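One structure below.
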Amino acid sequence: MRSYILLAVVAALLALAVACNSDGSSPARTPSASGDAFSFDCEATAAATAPDAGAFPVEVTDSAGNAVKLELPPQHIVSLSAGHTEILYAIGAGDQVTAVDNTSDCPSAANELPKVDAFVPSVEQIAGLEPDLVVIFFDPGDLQSSLQGLGIPVLNLATPESVQGVYDQTALLGEATGHPEDAVDVVAEMKEAVQEVQSRLAGVTEAPTVFHEIDSHYFSAGSGTFIGDLYGMLGAANIADATGQPYPQMSAEAIIQADPDVIVLADEDAGESPETVKARPGWGSVSAVKNDRIYVIDTDIVSRPGPRLVEALRTLAGYVYPELLP
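First residue of the sequence shown: 0, per numbering that gives the first Met the number 0; consecutive thereafter.
In structure tokens:
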């Protein structure tokens, strides 16, 4: 179980997501209740947009350096990456998604689509879905070459290690699917929302220290990861950075010594909670424990680099700076 969780985190996809709606709709991009510029709501729907056929043929280069040429807008996309599926919906390409990975759940209509195991994928199953584009976030062997040998274009888009990486991949998927202008709009809206959050933190002079717990074995996320970049954008002092590793396994002693002001739990599914943290031997001396600053975050919004990065940033900002973002 631990190895599965770590793999999903390193891929920044602890539980992958999203898909196409039976009535041809996609998650809405709407202003949030707080008035912020951008929101990606998994339950809301909005009409998808038709791809721009005039933008084809097009050639894009994936994270593995493979040049992928598409003669026509893809109409049967199989996405084996939850974060990328959410991006596809956000840019209006939801109608073109016809199959997703096993854990896709945003939007909820994704459960109506055929499912593929992203970690142990079957070339035969994927080929049988007759896709004209497959999106993967890692290659567990020779999946990409096998599918390409069958004439199926494959984009291998490694999990973004930063918010900028999400912007870049959103633009790339916009080009690949015939939604380049939609993608430009989505990136602009995300950037505006991110800047709005950061503007509220202007004048903050003291950076709270944070421990972000990925699993109950004290794995965390530091610099060089999407999660780490979110904390960096908030000016928080991430105690995992001291290890020099992207996904370090820290010891209880090191965490206690670092004395984080804030603890964020992304392992509620593993049974962790503020109560279990308070019951850990020796943790009573930690500032976050003494001051009741232990928070549980929805794993999906921080482990799926995509349009919900705005929700993740707002949520973490509220944890780190509750006096500024209640």
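Just so it is clear, CB atoms sit at the ideal spot from N, CA and C, and this is done for glycine as well.
Note that the coordinates shown come from a computational prediction; the quantities given were computed from them, not determined experimentally.
Integer-rounded CB distance, given that residue j should sit under 8 Å from residue i
{"i": "Val77", "j": "Ala98", "result": "4 Å"}
{"i": "Ile254", "j": "Tyr217", "result": "7 Å"}
{"i": "Asp181", "j": "Ile90", "result": "4 Å"}
{"i": "Phe225", "j": "Ala257", "result": "Not really, about 22 Å apart at Cβ, beyond 8 Å."}
{"i": "Glu111", "j": "Arg303", "result": "About 20 Å separates the two Cβ atoms, so there is no contact after all."}
{"i": "Ala92", "j": "Ala47", "result": "7 Å"}
{"i": "Asp268", "j": "Thr314", "result": "Asp268 to Thr314, Cβ: 17 Å. No contact."}
Option in the options with minimal Cα separation from residue i
{"i": "Glu70", "options": "Glu267, Ile151 and Pro113", "result": "Ile151"}
{"i": "Val183", "options": "Glu212, Glu191, Ala170 and Gln194", "result": "Ala170"}
{"i": "Val193", "options": "Pro73, Leu312, Asp61 and Glu85", "result": "Leu312"}
{"i": "Glu58", "options": "Asn101, Thr176, Asp266 and Met249", "result": "Thr176"}
{"i": "Lys68", "options": "Asp104, Ala109, Gln147 and Leu142", "result": "Gln147"}
{"i": "Met328", "options": "Trp282, Pro273 and Gln163", "result": "With the chain covering only 0 through 325, there is no way to say anything about residue 328."}
{"i": "Arg307", "options": "Gly53, Pro56 and Gly82", "result": "Gly82"}
{"i": "Tyr88", "options": "Pro50, Ala117 and Val119", "result": "Pro50"}
{"i": "Pro259", "options": "Arg292, Thr208, Arg303 and Ile213", "result": "Thr208"}
{"i": "Asp94", "options": "Ala109, Phe55, Lys190 and Val309", "result": "Ala109"}
{"i": "Phe137", "options": "Trp282, Thr102, Pro120 and Ala54", "result": "Pro120"}
{"i": "Val153", "options": "Gln143, Ser161 and Glu160", "result": "Gln143"}
{"i": "Ser250", "options": "Ala265, Glu212 and Lys277", "result": "Glu212"}
{"i": "Ser328", "options": "Ala265, Asp228 and Glu174", "result": "Any question about residue 328 goes unanswered here, given that the chain covers just 0 to 325."}
{"i": "Leu149", "options": "Leu128, Tyr320, Arg279 and Ala287", "result": "Leu128"}
{"i": "Leu172", "options": "Lys289, Gly283, Tyr320 and Gly305", "result": "Gly305"}
{"i": "Glu160", "options": "Gly227, Pro139 and Ala241", "result": "Gly227"}
{"i": "Pro56", "options": "Tyr230, Cys105, Thr275 and Glu174", "result": "Glu174"}
{"i": "Tyr320", "options": "Ala241, Tyr230, Gly283 and Ser272", "result": "Tyr230"}
{"i": "Leu323", "options": "Gly270, Glu271, Gln197 and Cys105", "result": "Gln197"}
Other residues of its chain near residue i: CB distance less than 7 Å, five sequence neighbours each side excluded
{"i": "Tyr318", "result": "Val261, Val263 and Tyr294"}
{"i": "Ala27", "result": "Any reading at Ala27 must be qualified, since the residue scores a pLDDT of 48, below 50, and its modelled position is unreliable; no value is offered."}
{"i": "Val186", "result": "Tyr166, Thr169 and Ala170"}
{"i": "Met125", "result": "Just to set this straight, residue 125 is Ile in the shown sequence, not Met. Correct list, in chain order: Val77, Val115, Val133 and Leu146."}
{"i": "Thr60", "result": "Ala66"}
{"i": "Ser62", "result": "Asn155, Leu156 and Ala157"}
{"i": "Phe118", "result": "Pro139"}
{"i": "Ser21", "result": "Residue placement at Ser21 is flagged as unreliable, the pLDDT there being 33, under the threshold of 50; a coordinate-derived value is accordingly withheld."}
Sheet register partners of residue i (DSSP bridge)
{"i": "Val67", "result": "Val59"}
{"i": "Glu212", "result": "Leu264"}
{"i": "Pro77", "result": "Note on identity: in this sequence residue 77 is Val, with Pro being the wrong assignment. BP columns for Val77 point to Ala98 and Val133."}
{"i": "Phe37", "result": "Paired residue(s): none; Phe37 is not in a bridge."}
{"i": "Ala236", "result": "Thr208"}
{"i": "Phe218", "result": "Gln248"}
{"i": "Leu154", "result": "Val134"}
{"i": "Val295", "result": "Leu264"}
{"i": "Val115", "result": "Asp100"}
Close Cβ partners of residue i (< 8 Å) along its chain, the five nearest in sequence each way excluded
{"i": "Pro130", "result": "Pro73, His75, Ile76, Val77, Thr97, Ala98 and Ile151"}
{"i": "Val285", "result": "Ile254, Ile255, Asp258, Pro259 and Ile262"}
{"i": "Gly234", "result": "Leu200, Val203 and Ala206"}
{"i": "Arg279", "result": "Ala251"}
{"i": "Gly283", "result": "Lys277 and Lys289"}
6 Å Cβ shell around residue i - same chain, five flanking residues per side excluded
{"i": "Ala236", "result": "Ala206 and Thr208"}
{"i": "Glu310", "result": "Ile300"}
{"i": "Asn101", "result": "Lys114 and Asp116"}
{"i": "Ile135", "result": "Leu79 and Asn155"}
{"i": "Gly281", "result": "Ile255"}
Mind the definition here: the segment 241-248 touches the segment 217-229 only if three or more C-beta pairs lie below 8 Å; say whether that holds. Contact annotation: the segment 241-248 touches the segment 217-229, with at least three C-beta pairs closer than 8 Å.
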